[in-house]
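Only one structure is covered here, and it is reproduced in the block below.
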Amino acid sequence: MTRPRQLGSLGRIAALARKEAKQIRRDPSSAVIVLFLPLFLLFLFGYGISLDAASVRLGVVLEERGPDARSLADAYSNAPDFEVLLYPSRAEAERALRANQLRGFLVIPPDFSQRLHARGSWPAQIHIVTDGSQPNTAEIVANYSQGVLATWSTQFARDRGVASTPAISIEPRFWFNEDLRTRYNLVPGSIALVMTIIGTLLTALVVAREWERGTLEAVFATPVSALELLASKFIPYFLLALATMAACVAAAIFLFGVPFRGSFLAILALTAAFLAPALGQGLLISSAAKNQFVASQLALFSGFLPAMLLSGFMFEIESMPEPIRAITAIIPARYFVTGLQTVFLAGDVWEVLLPVILKMLGLGAVLLFFAWRVTPKRIA
Amino acid sequence: MWARILSLIVKELLALTRDPRGRLVLVAPPLIQLFIFTFAATLEVRNVDIAIVNLDHGRWGREIVARIEASSTFDEVIVLSSVGEITDVIDSGRALAAIHIPQDFSRDIEAGRTAHAQIVLDGRRANAAQILFGYINRIVAGVGATARPLPVLTDGVVRHWFNPNLVYRWFMVPALLAMITMLTAIVVTTLSIARERELGTFDQLLVSPLNQTEIMLGKVAPGFLISAAQGTIFIALAVFALGVPLLGSLPLLYLAMVFFLAAVLGVGLFISAISATQQQAIIGAFAFIAPAIMLSGFGAPVENMPEWLQAFTMINPLRHFLVIVHGVFLKDMPALEILSNTAPLIIIASITLPAAAWMFRARTQ
Amino acid sequence: MTAPLAIIQGASKSFAGMDRPALDAITASIAAGRLTGIVGPDAAGKTTLIRLMTGLVLPDHGDVSILGANTRSNPGTAQASIGYMPQRFGLYEDLSVQENLDLYADLQGLSAAERNSAFDRLLDFTDLGAFRARLAGKLSGGMKQKLGLACALLRRPRLLLLDEPSVGVDPASRRELWAMVRGLVDPETAVVWSTSYLDEAERCDEVLLLSEGRLLYAGSPQGLTARVEGRVFRVRPEAGAKRAVLQHLESDPTIADAVLQGDSIRVMTRAHDKPAGLSSASAAAPRFEDAFVDLLGGSHLRDSPLAAAMRMIPASDTPVIEARGLTKQFGAFTAAENITFQVRPGEIFGLLGPNGAGKSTTFKMLCGLLRPTSGEGHVAGIDLRRAAPKARARLGYMAQKFSLYGELSVRQNLEFFAGVYGLTGTRRKDRVATMIEVFELGPMAGRNAGALPLGFKQRLALACALLHEPDALFLDEPTSGVDPLARREFWSHINALVKKNVAVLVTTHFMEEAEYCDRISLIYRARLVADGSPDELKDAVRDADLPDPTMDDAFIRLIERSNAEREEP
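Residue numbers (this note's numbering), protein chains in the order written: chain A, 91 to 470; chain B, 28 to 392; chain C, 11 to 579.
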């Protein structure tokens, strides 16, 4: 990306880059940042973040104990997603819900069987109560509960010869992730998050550290230009981040079993393009802050949190209000998340990859340009 | 003794707030984050594009298309002319879902059979796809009920307690309150000792008659006061500006916050005591913050994690405090429950603070 | 003579937030074949002047040109012919000696052939050949400076710019460095050496004397020294009376300067006659420092009002500070071994020694910053191991580096330390007010301590250490890098404290400071190798070769002697 103006320039970049590489090798903290921290985080994210409700604790209150009510309760007990707990009364279920011991409860009211057997009093109601303080889970509980109820009542109708052929059925097919394992989506997303932390945090500290230690002054008195200095910081951390990425991809495939349908060339192109803005952001922060304390604060607030919350990793970008959607346009992780999910699950769909690569390179060019502009060749 | 500690606390607070930039760093980013993240976070799916291939020439295929087009969920409805085009439109991400209505669709319905429509969803965005499928299923079921009203035997009446309309903001604001006060507490304390070490002022403190316990208290108190003040501002904003109901006991919330902050400050001080430089302190802070947030139940419920990881989350103070903030704000959680969730915080604090003190002592000799 | 290598033409430079320009219309030139010293107190503008010549800073007005190339319009050409060693040289501490050299050789664009001969020449020259593989961070202060110098010399620059190369370097290494640089000057090249040590300035071919951004003198140091010829005398007061005599001289308006030198007092009069009423005065050879002080208008000393602000501590023979067999081991390394000494009330005691000899370790054990491996330290009779906080309440401490809270105001710093030392209510208010008055901090009270000029920082640091009227005062290299006037003022305060029987422990490797001490212990390679009064130490090395040894000489000879003794079993 930086075209050397002459051979001497290339030599200087190489010399500084070699120096950087030696420093990285000798500094134990960089090993921590480059290998230990990313794998540790990916490991925790991979196991820790799952939206597949595995065992939702659901309370059931039987206000009548007829065979139908019990059959319905059994249907819930047998559903794979629920761990059913019986409560003798609404009040007790309510207390448990308030105490965070349940995610929701059902009440089968005293007139349930009676209404179920009297055609005129259909539908027989049950009450589904969720813990709305966790909206995500509440939605899942409500949908699953409705699903179990629908299946149960279809069976009930069929057993009794009640007309039950629905007019329409719609069959979903989830491409790329047939069984809807959220891990398949979240692991590539987590990689983007981890790479943002690594890329931005590492570079945010390196130039600031040289300012603090006073090593830049002597370098600046040599023929080194600001552009050469930035290039020499960029190259080793770029290679280092590629190594981190390789480790993350390997963990995703072999540890978490995420399918990898794309090519390594595509993921390399994507990573290389992502590192331009990620390292550019770090270098910009570093050159502007000149102080590790401020640089780390900025890296935290402008790197980690937006990458987590505004990249589409946790929340859908399309659903955000317009001004916030505009902000997400300048968050490189957003494009990286999209690209990684495609390469892992769909394959080399260049129609998706090319635009995100170009956008990341564009952002990278802008950030690196500003980083170059704020790196003074003189001491003010 | 108290006069000496008080001077130390006053000094720390002055050092953090005298510089206008320092004040700005303490106030602006947390508030900006509170607002951006509050409004960014939503579980609804909106403004997505959907594709439809309608090969049916009858009334019911048209009806489905018409109802989809009328829905506010979709930004654009892309009409395709053949099934073959679905691959392209999904692969390229132009549409999140594609509905396929086959040729005999209306005829099957008129004949009393079940007509089968298909929907292809983009599994790369599994969560959104799932939610979207829920929406579409409801629309299609509506068409089906119009076409052939069936007796409905049962009905599940859903009530979302504590948050009847599932306003995501109600969940997000208390969670951000907990997370951001934690961030502030960690950042203020982890760097405080490392910075004094690098600037050489730490020796000046150590040769004064202050003993180590006093110095530690002096280092913990500012982080506590600042994050508690921030927490108070957030509570006020939550209630008065963001319309989040506060149903439970405010004093109990503060009681829990005291122990939450104590536990977190213990971690911060421990990191600070073992770090020789600011850089190490920063890395230490990161290595605590990221897992603490990820394993708190904020992003994904703790019950979804594997057993061993669930056990591990017990030592995460944020996990316990999130239960309490949500409980107090939205659920009017009973006092006993708040206290039983505060107990782990007390235990964590009574481990982290003495550990920090021990490490601090070991490192200053 | 050839054309000057550097020409500075009416150069001015201001920085935001300073109330006066850092450099004010400086016109000067650097001639080839000469060692030019840039001399002046801290914040005089020495670093800015050097940075102007490197092209790292451009003047607001005026021009700087190096070998005819203007640093503004032609910075590349200008930079190609200079070698520059900044004050904190940018050695990468986590790279080895060889790797640092390689890096700078690459940056300077040395070819492979040039580089090998340059490395051999420089490693030989700096005596670093044996340490090629050692990490720069593990070198001693003097070796680091040599390596920095080697990096700056790779290209055989025509103009070598050295910014305070001798700060933080002990006397023996300073001498070596000086000799090395001296040897570099040839008819084609020039060296610029900035310093606040006036004994170095004296040995330069030319000096540019800066003060507060203005050029006060340009020319040979002898030319300046000659101005005070015949006005400098040495007075030898009776034993025990030196401080009283000094104080008397300071208040005499005909005296331009008076300063302790061991048991004597060096006096400079304003006119060309002997100081009145001092029959014992004998003429002494003027030094550059005398001329420097004279040029700045004399030392204007007054009776330090500090004496009135401190309680009188009863005189006694019981030591206030006592080290008994202090030993400190870090793993297998012994940093201090069996150090024993005592400091009585009203005594100034100096710990002298090269970098890393163990004087800081000893000092830290005595003020409670380090726990001794064995042995005991007592302050005001309190055992530091048993009741460190209580002992610490009786001592005042002033660190070498400015270590107050830069982001707090002067008054907030004072109030903070008053609080920490347990002063409350009206007593706290009174003491803070007294200190502000004694040290004339009033106009600065609301300013951030970090933004104060060095002299004021120093006063504030001393004020903070004395708020609680301690029995013992610990000073860690208190006046290194401080100009002679500020140093005189500082020591007049210390003399006032001594009159109130405060015990003072000073570490230093700055020989001017050592002259102020009543007794000195020389610490070398973890052991106490010599002690006595400054004159006794000087006497100990006096011989035919060295009839009038300075403190520097004494220091170096005693260390050589100790080396010799250790080599013989």
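All C-beta atoms, glycine included, are put in the ideal place defined by N, C-alpha and C.
Item, Value
"For residue 417 of chain C and residue 42 of chain C, what's the separation of their Cα atoms in angstroms?", "45 Å"
"I'd like to know if residue 96 of chain C contacts chain A, where contact means its C-beta is closer than 8 Å to some C-beta of that chain.", "yes"
"Using a Cβ cut-off of 7 Å, which residues of the segment 45 to 56 of chain C contact any Cβ in chain A, in chain order?", "none"
"Roughly how many angstroms lie between the CA atoms of residue 46 of chain B and residue 114 of chain A, to the nearest whole one?", "34 Å"
"Using a Cβ-Cβ cut-off of less than 7 Å, give me the residues of the segment 47 to 71 of chain B that come near chain A, in sequence order.", "52, 56, 60, 63, 64, 66, 67, 68, 69, 70, 71"
"What residues from the segment 230 to 257 of chain B come within 7 Å of chain C, judged by C-beta to C-beta, listed N to C?", "230, 231, 233, 234, 235, 236, 237, 238"
"Excluding five sequence neighbours on each side, which residues of the same chain lie with their C-beta closer than 6 Å to the C-beta of residue 271 of chain C?", "525"
"Count the CB pairs spanning the segment 42 to 61 of chain B and the segment 331 to 347 of chain A that are closer than 8 Å, and state whether there are at least three.", "no"
"Can you pull the chain B neighbours of residue 410 of chain A, defined as C-beta to C-beta under 8 Å?", "66, 67, 69"
"Less than 8 Å between the beta carbons of residue 52 of chain C and residue 274 of chain C, yes or no?", "no"
"DSSP three-state label for residue 284 of chain B, please.", "helix"
"Helix, strand or coil for residue 141 of chain B, going by three-state DSSP, please let me know.", "coil"
"Would you mind stating whether residue 461 of chain A and residue 373 of chain A have Cβ atoms separated by less than 8 Å?", "yes"
"Can you find the residues in the same chain that come closer than 6 Å, C-beta to C-beta, to residue 111 of chain A, ignoring five residues on each side of it along the sequence?", "326"
"Measure the CB-CB distance between residue 375 of chain C and residue 336 of chain C and report whether it falls below 8 Å.", "yes"
"Strictly below 8 Å CB to CB, what residues from chain C border residue 102 of chain A?", "116, 117, 119"
"If you run the structure through DSSP and keep just helix, strand and coil, what is residue 252 of chain A?", "coil"
"Could you tell me whether the Cβ atoms of residue 471 of chain A and residue 336 of chain B are closer together than 8 Å?", "In this structure chain A extends from 91 to 470, so residue 471 of chain A is not present and cannot be described."
"Hey, is the segment 212 to 227 of chain B in contact with the segment 297 to 312 of chain B, meaning 3+ C-beta pairs nearer than 8 Å?", "yes"
"Quick check on residue 275 of chain B: does DSSP put it in helix, strand or coil?", "coil"
"Would you list, in sequence order, the uninterrupted alpha helix (DSSP H) runs of no fewer than 4 residues that lie entirely inside the segment 405 to 451 of chain A?", "412 to 418, 422 to 431"
"Taking the continuous beta strand (DSSP E) assigned at residue 158 of chain B, which residues delimit it?", "No beta strand (DSSP E) contains residue 158 of chain B, which is instead part of the alpha helix (DSSP H) from 153 to 174."
"Indicate the three-state DSSP secondary structure (helix, strand or coil) for residue 212 of chain A in the structure shown.", "coil"
"List the residues of chain D that residue 397 of chain A touches, going by C-beta distances under 7 Å, in chain order.", "The structure shown contains no chain D; the protein chains it does contain are A, B and C."
"Could you list which residues in chain C have their beta carbon closer than 8 Å to that of residue 113 of chain A, in chain order?", "102, 104, 105"
"Tell me which same chain residues have a C-beta within less than 7 Å of the C-beta of residue 301 of chain C, skipping the five on either side of it?", "234, 235, 237, 238"
"Contact between the segment 315 to 325 of chain B and the segment 345 to 358 of chain B: three or more CB pairs below 8 Å?", "yes"
"May I have the straight-line CA-CA distance separating residue 262 of chain C from residue 242 of chain C, to the nearest angstrom?", "15 Å"
"Is the segment 242 to 253 of chain C touching the segment 471 to 488 of chain C, taking contact as three or more C-beta pairs under 8 Å?", "no"
"Taking 8 Å as the CB-CB cut-off, is residue 580 of chain C touching chain A?", "Given that chain C is displayed from residue 11 to residue 579, the structure contains no residue 580 of chain C and the question cannot be resolved."
"Find out if the Cβ-Cβ distance for the pair residue 195 of chain B, residue 68 of chain B is shorter than 8 Å.", "yes"
"What does the alpha-carbon distance come out to for the pair residue 212 of chain B and residue 250 of chain B?", "5 Å"
"Contact defined as beta carbons within less than 8 Å: I believe residue 376 of chain A pairs with residue 293 of chain A. What is the distance between those atoms, to the nearest angstrom?", "6 Å"
"When DSSP builds the beta bridges, which residues end up paired with residue 533 of chain C?", "C/538"
"Whole angstroms are fine: how far does the CA of residue 259 of chain C sit from the CA of residue 308 of chain C?", "13 Å"
"Please check the pair residue 76 of chain B and residue 123 of chain B, which I expect to be a contact at CB under 8 Å, by giving their CB distance rounded to whole angstroms.", "7 Å"
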